[in-house]
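In what follows, a structure is listed as structure tokens, so that the remarks can point back to it.
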Amino acid sequence: MKALPLRSLKIASFGGLLCLCVPVLILGSWIHAFNLGATQMERVELFTGYFPAPLQGRYTITLISMAFCVLSIVLGGRSFAVPGIAWRALNILVLVAGCSLFLLDLFQMM
């Protein structure tokens, strides 16, 4: 397997961080809706109201969040060979947060 250039690995690191932003924003919008609603039905209606109509299915938002988590894990793991402590810390952060959010989304689907 051919080694990737250092520049493309750094771009992949930032891509993993960018992909991780989507599940974090989805989780943040759920926390916001949870704090505003009085009952669970109100909370769910508020949360799904933040998204367009095609994304308001039962598991659609969770599946999108899981897909972006997997993409961030792949990009973070792929670019783990970048030298430097800051790059390694960034990739570890992406991997840990991506795995944690993926497991949280998986738990939500039960």
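Under my numbering, the first residue of the sequence shown is numbered 801, with each subsequent residue one higher. Glycine included, every Cβ here is placed at the ideal spot set by N, Cα and C. Fair warning: this is a prediction, and the values are worked out from it, not measured in the lab.
Own chain, CB closer than 7 Å to residue i, minus 5 neighbours either side, in chain order
| i | result |
| --- | --- |
| Ser-872 | Gly-816, Cys-819, Leu-820, Val-894, Gly-898 |
| Phe-851 | Ile-861 |
Where residue i falls: helix, strand or coil (DSSP)
| i | result |
| --- | --- |
| Arg-878 | helix |
| Pro-852 | coil |
| Arg-858 | coil |
| Pro-823 | helix |
Alpha helix (DSSP H) segment containing residue i, residue limits
| i | result |
| --- | --- |
| Gly-837 | It is not in any alpha helix (DSSP H) - Gly-837 carries neither H nor E in the DSSP assignment. |
| Ala-897 | 885-908 |
Own chain residues within Cβ distance below 8 Å of residue i, not counting five before or after
| i | result |
| --- | --- |
| Val-882 | Leu-806, Leu-809, Lys-810, Ser-813, Arg-888, Asn-891 |
CB of residue i within 8 Å of CB of residue j, strictly
| i | j | result |
| --- | --- | --- |
| Ala-838 | Leu-846 | no |
Sequence-distant residues of its chain with Cβ nearer than 6 Å to residue i (five each side left out)
| i | result |
| --- | --- |
| Gly-876 | Gly-816, Asn-891, Val-894, Leu-895 |
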